[in-house]
Structures are given as C-alpha cells and as structure tokens.
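Trainee: There's a structure below that I have some questions on.
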Amino acid sequence: MAVNDDESPMNPILEETFYILSKKNCVYKVKLLKVGICLQKERNGLLTSEIVLLDDIIGSRCMRSKRRASDNCVCGPTSNFKSDPQVVDLNSLDGDENDISAYLYIYAYILKNFKMKSGKKRERMTITLRFRSYDRFEDNMREAQKWRNALSHLILMRRAASQLLDLDEKFLHSPRSSSINKLLIILNPRSGMCKARDIYQQKFVPLLMEADIPFDLHVTRFHNDARQLIRSSNLYQWQRGIIVMGGDGIMYEILNGIMERLDWHRALENLTLGIIPCGSGNGLAKSISYSCNEPFDENPVLVSSLNILCGIKAPLDLMRFESKSKTVFSFLSVGWGLIADIDIESERLRVLGSPRFTIWSLARIIGLRKNEGRLSFLRISDEKLQGKVHRENLTATLTRSFSDCLTDFSSPLSSYRSLNQLDSLNLETKERLDHSRRDSFHSLCSRKSTYLSAHESDYLSLSDDCNNSNTQMFGPPSQIPALTQPVPPHWTVYEGEFVMVHAVSVSHIAADCLIAPDAKMSDSVIWLIVIRAGISRTHLFQCLIGLSSGAHVNVPGVEVIPVQAFRLEPKSTGSHIVVDGELLDYEPFQVEIVPGIASVYSRQGQEK
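Set out below in structure tokens:
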C-alpha cells in the first residue's frame, strides 16, 4: 500500500490495486485523495474512472464477518459477494474467527439527476472494501483501519474548514481520538404534525451512526424548555454543536437562551447550530439548503441532515428586535400585518401542517385588514448593496470546495463515468496470488439502509431547578438611536395604512415561501417587504401565490427594500407583531441587523 504526502489535492494519500475474478484482464486502482475516493478501472487498455467526492462522504466503519450458523460447513466455498456480506461490529461476540477478512464500509450520499421538479436528488451509496491481503485477521484489519483513519482525518479537516495535516505512517496506524465532541439534539415532540420522534429514530439516528458522531438527546416538555436548558447548561460539552429537531420556534428559543447568558459571545463563537425540519414552516432549514443549491423539497430531512454532517461552519445574520417591554434576537423574520396574522391565527389548524397557511391566507384576503402606522427605515443604497453582493460572491469563490479541483484531474483517462450512472459495482478478490501479500478489494453500491452502533449517547433529563424568571438579555449593543428618540433625518418615513410590513434576514420564511430571493445567510441586509393600502385583491392574491417562487417581488404594489434598520409605530389595533413565529406585545418596536454573529452548518460554509 502506497502512502503519498504530496500537497496536491489530486495526488493519492493511499492507493491499492484490486481485481475482478469474474472478468479477465480487469484491474482496479483505488485511490484516496484529498477530494474523495477515485476508482480507476483498466481493462484491455481502456481506462475508466469513478469518483466519490469527499463532500458527499459522511463517515466509515470497520467491520468483520459474522459467524455462520452451526449447520453450515466452515470448509464450504466462500461467498461470491453478489449481495451485502453478513458483517458485525469489531467488538461483537458473533464475529467469525475463521474468516481473516476485514471490511471497511464507506457511506456517501451522492447527487443524482432525476426526472422530477428539482432535477436532482441525494441517494445513499455504500462502498465496501474487503481487506484480505494477509494471512491474519489482525493484519488485514490494520490495513482497513489505516484507510479509515486517513478518511476520518480528511472528513474532520473538511468540517473544520482547515488545511489538511500531514498524513504520515504514525497517524495512519493510530486509532481515532476517543475525545470526539458530541452533538446536543433538542427535539420538540409537538412540532408541526408531531412526527419529530419518528423522524429522529427512523431517519436521523441512522445517519449519525454512519457518521460515527456521538450525541445527547433532550426532549422538550413545555414552552421555553429549550430556552431554559440553553441558558443554564454547560454548553461547551457539546463542542460539535446544537441540533434542533422541530420548527423555527425551537431555534428562536435556543438563540435567545444563548443571548441570556453572560458568556453569550463565547457561546456563539464556539457553537454551530443546525436544524432538522419537523415543524410547519421550516424556513431556516429551507434557507440553508437554498443558499447551497441543495434539492431540499425531494427529501427535506435527508438534505438537512447532510447539511449538518457534510457541512461546515457558516455565518448567520441575526436581527435585534427592541420594544419598550423587551429585547429579543431573530434569525428569520419580524412581521406586522397580513403574514403575521396568518401565522398566528392559523395556529388553530396546526394539526394540518403547512397547508394551514394556505387555508388561512384565503380567509385573510376575503376579510382584508388595513393597519395604520408609521414606518421609518435606513435604506441600503444600490451601490452598497452591489458591494455586499460582490464580496459575498468573492468569498464563495475563494472558499470553493475541493471538489472543484476535479477539473484539474490529469490522469490519461480514456473515459469518465459519472456516479450518476453507476448502479452497482461488484468486485471480488483473487483467492491466491504468487506473493505473500495479496491485494484485495470488494466494492458494491447499495441503497439498502444500514444501522450501525456509534458512540454511546445519552438521553438528558432537564432538572426543574433551571426555571429562572430573573433573566436579562445580553448581546451586542444597539447601533441606532433608542426607541424613545426620534429617527435620524436621513431615514425614509412611510406613514398611513398598510396591509403588511414583513422583515426577513434569510430567503425563506417557510419551506414553500421564497420571500426574499436575493437574500443570503450573511449579507448584512434586512429585506423589508412592504404592502401599503390601496393594493387590489387581485394583486394581493398574485402576491401570495408568487411567494412560492419569489415572483411576488414583481407584483404591482409590493415593495422589497434592503435596509440596515427600521422602526414601526402601529397607530391602530387589530393585527399582531410576530418574531420568528412568536407573538409579542403590540407596541412600537425597532429592528437592526447584527451581521454574521451566529453560525450554522452549511455545505457552502464560510469562516467568519
């Protein structure tokens, strides 16, 4: 087995030669690269290649053969591996001591083309490498562990967005550190249609096990339970991050729980947040996937899980909301008027899931409300906005994925076969070669689910002593005049009747609501959507229909204004003020952007 520490991302770190017994003159060269795993096949002088990108690999695991039933003859012929071999964990008592083979399972979720709305979909692939080059199981397992250690290191460096460390022989033969940091999963069993527990058990845990990531689970019991947990716990025991399984309301609790801590700045610097959509709206989960062009709608839970497991730390803007009675922080939206009313009043239809918004939208158009108020805002000039977009695109270019380096692949391949066309690849070892060390390889691509054991995970029980009503909101100081002071003269002021005012810092406020098509996760912009009285019901209906595609921005009577801050002073009653889906007191308030202060997992993450 060759080890190469060359700095080029396309030079192999490890490589091995393998064979197919059923086909003559067919040789495989398998290479572990900094960008992924390359499978080069040579047959009759023709060279083809398949590549599994590191960005699509979530983890790997070493296994051994399972002991056969007692009525099977141990001297019988070996399996031809046309299906998954029967394997068990290394520490299992069911291991077959008569089989010297060691197995390395590599789990990847690749992007494939399909005839569907999005045109793409993530699908599971399992690559199984069978090591039996030596006469002893321990030696074969050492080879499998060497590959796993190298692959694990690559994945770790990808998650840390760091440069690759030297992969010398000492590291390759060393087991992974046992001090791997845990995730904290906060699950709201009542979110949306109350399916969060099932999603956790059936969909998310198997992925965590494949990625070999330890975790703790906390199930919320009451409103603001998550907020109290975050405010009072030692968060630094979960250095890998905090994952929400619920709707956007639980993320709101977590962020504001962090802001109620004296060490809020350290907590935000050290913790990365993620979300698995289990609620009715799921705006943040969709916004993250939208920002990195992932096919969210085909499988929201899988795509969001992979954003966490394959993603890295990316900055997230927050909005600082201040009224006379309180200060809170928002990651999604601040609303007054039509959309806010739909959000709150449709709660009685929560059991229906996301269709509740559509049903209540029709009701609100029929009984349209107009609210009198005064809106003041600090507009971002077109010149400044273009500068922000340019910097965003430049940063994305500079932090491009290693997968882009595939265009530099210089091997003289006669043809390249995309994994999108690869359904299965079954390779088997030669039983004997003339030299003492036998190269070996077995690989197959499987869509079957595999459930493996990971590190021991704990189920937390929140003690009742964390209830504390004497809380204080911290966070960065305001950069705009206090609410009791007049707005500066260079602010723009609208006064009169409004149908709605809705402010967002991300692209989506629900999975099917693209409210700000130009919004980025960290563009330092509040996107203010304003509809004043006088808009026709026809145009208003077009606006609501267009929210699913972003077409509402072109409807007459709809204004989309990029701002740094705004102030809203309601003059009439009858509406609601809503922050991230939470109903707040009906009173004057102001909002300002807090750029890139939080962090979320994203496939196109960028270091702050």
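9 is the number of the first residue of the sequence shown in our numbering; add one for each residue after it. Even for Gly, the Cβ is constructed at its ideal location relative to N, Cα and C.
Report back the beta-carbon spacing between V568 and I388 to the nearest angstrom; my notes put them in contact at under 8 Å.
Mentor: That pair is no contact at about 12 Å.
Trainee: Are the CB atoms of R75 and L314 nearer to each other than 8 Å?
Mentor: Not a contact, by the Cβ cut-off of 8 Å.
Trainee: Using only alpha-carbon positions, find the residue among D97, I517, N242 and I194 that is nearest to E218.
Mentor: When only C-alpha atoms are compared, the closest one is D97.
Trainee: Would you grab the beta carbon distance between R382 and E577 for me? Rounded to a whole angstrom, and I think it's under 8 Å.
Mentor: 4 Å between Cβ atoms; contact.
Trainee: DSSP three-state call for R150: helix, strand or coil?
Mentor: Helix.
Trainee: Tell me the DSSP secondary structure of R545 in three-state form.
Mentor: The answer is helix: DSSP assigns R545 an H, G or I state.
Trainee: Hey, is the segment 519-538 in contact with the segment 295-308, meaning 3+ C-beta pairs nearer than 8 Å?
Mentor: Touching, per the Cβ criterion.
Trainee: From the DSSP output, read off the bridge partner residues of R382.
Mentor: Partner(s): E503 and E577.
Trainee: Please classify N121: does DSSP put it in a helix, a strand, or coil?
Mentor: Three-state DSSP puts N121 in a strand.
Trainee: Can you tell me whether DSSP reads W344 as helix, strand or coil?
Mentor: W344 falls in the strand class under three-state DSSP.
Trainee: From the DSSP secondary-structure annotation, give me the bridge partner or partners of M253.
Mentor: L195 and I284.
Trainee: Kindly give me the distance between the Cβ atoms of R248 and K190, rounded to whole angstroms, as I take these residues to be in contact under 8 Å.
Mentor: Indeed, because the Cβ distance is near 6 Å, the residues count as touching under 8 Å.
Trainee: Apart from the five residues on each side of it in sequence, which residues of its chain come closer than 6 Å, Cβ to Cβ, to A573?
Mentor: L386, I488 and E600.
Trainee: Roughly how many whole angstroms lie between the Cα atoms of R156 and L164?
Mentor: Answer to the nearest angstrom: the Cα atoms are 12 Å apart.
Trainee: Using a Cβ-Cβ cut-off of 7 Å (strictly less than) and excluding sequence neighbours within five positions of R372, which residues of its own chain qualify?
Mentor: Cβ neighbours of R372 beyond the five flanking positions: L346, D349 and I350.
Trainee: Just the C-alpha distance for S312 and P497, rounded to the nearest angstrom, thanks.
Mentor: Those two C-alpha atoms are separated by around 44 Å.
Trainee: Is the distance from the Cβ of Y111 to the Cβ of T136 below 8 Å?
Mentor: Yes, they are a contact pair.
Trainee: I'd like to check one pair, K49 with E23: are the Cβ atoms closer than 8 Å?
Mentor: Contact flag unset, no.
Trainee: Please state whether DSSP places Y142 in a helix, a strand or coil.
Mentor: In this structure, Y142 counts as coil in the three-state DSSP scheme.
Trainee: Determine the direct distance from the alpha carbon of R229 to that of C286, and round the result to whole angstroms.
Mentor: Their Cα atoms are separated by approximately 16 Å.
Trainee: Going by alpha carbons, who is nearest to C318 out of F329, V602, G282 and D325?
Mentor: Per the Cα distances, G282.
Trainee: When we look at the beta-carbon of D390 and count the other beta-carbons within 10 Å, is it buried (16 or more) or exposed?
Mentor: Exposed, because fewer than 16 other Cβ atoms sit within 10 Å of the Cβ of D390.
Trainee: In whole angstroms, what separates the C-alpha of T25 from that of Y36?
Mentor: Rounded to whole angstroms, T25 to Y36 spans 6 Å at the Cα level.
Trainee: Could you work out which residue in N264, P197, S583 and T56 is closest to G343 when comparing CA atoms only?
Mentor: The option with the nearest alpha carbon to G343 is S583.
Trainee: Measure the beta-carbon distance from L491 to E330 and round it to whole angstroms, keeping in mind my assumption that it falls under 8 Å.
Mentor: Contact flag correct, Cβ pair sits at about 6 Å.
Trainee: Could you check whether E595 and K332 sit closer than 8 Å to each other, using their CB atoms as the reference points?
Mentor: Yes, the pair counts as a contact, with Cβ atoms nearer than the cut-off.
Trainee: If we ignore side chains and look at the alpha-carbon of each, how far apart do C81 and Y142 end up?
Mentor: In this prediction, C81 scores a pLDDT of 39, lower than 50, which makes its location untrustworthy; the coordinate-derived value is nonetheless stated afterwards. C81 and Y142: Cα-Cα distance of roughly 23 Å.
Trainee: Tell me whether T280 is buried or exposed, calling it buried when 16 or more other Cβ atoms sit within 10 Å of its Cβ.
Mentor: The residue is buried, with at least 16 neighbouring Cβ atoms inside 10 Å.
Trainee: Could you give the C-beta distance for L41 and M71, rounded to a whole number, given that I count them as a contact under 8 Å?
Mentor: About 24 Å separates the two Cβ atoms, so there is no contact after all.
Trainee: Going by the beta-carbon positions, is the gap between L340 and V514 smaller than 8 Å?
Mentor: For L340 and V514, yes; Cβs fall inside 8 Å.
Trainee: Buried or exposed for E151, please, with buried defined as at least 16 other CB atoms from any protein chain shown within 10 angstroms of its CB.
Mentor: Label assigned to E151: buried.
Trainee: I need the straight-line Cα distance from D64 to S610, nearest angstrom please.
Mentor: Cα-Cα distance, rounded: 13 Å.
Trainee: What would DSSP say about K211, mapped onto helix, strand or coil?
Mentor: Three-state result, K211: helix.
Trainee: Under the DSSP definition of a beta bridge, which residues are partnered with D97?
Mentor: In DSSP, D97 forms a bridge with M71.
Trainee: If you draw a straight line from the alpha carbon of C521 to that of H231, how long is it in whole angstroms?
Mentor: Going from the Cα of C521 to the Cα of H231 covers about 26 Å.
Trainee: Since I believe L162 is in contact with L62 (beta carbons under 8 Å), could you give me their beta-carbon distance rounded to a whole number of angstroms?
Mentor: The pair is a contact, with the Cβ atoms about 6 Å apart (cut-off 8 Å).
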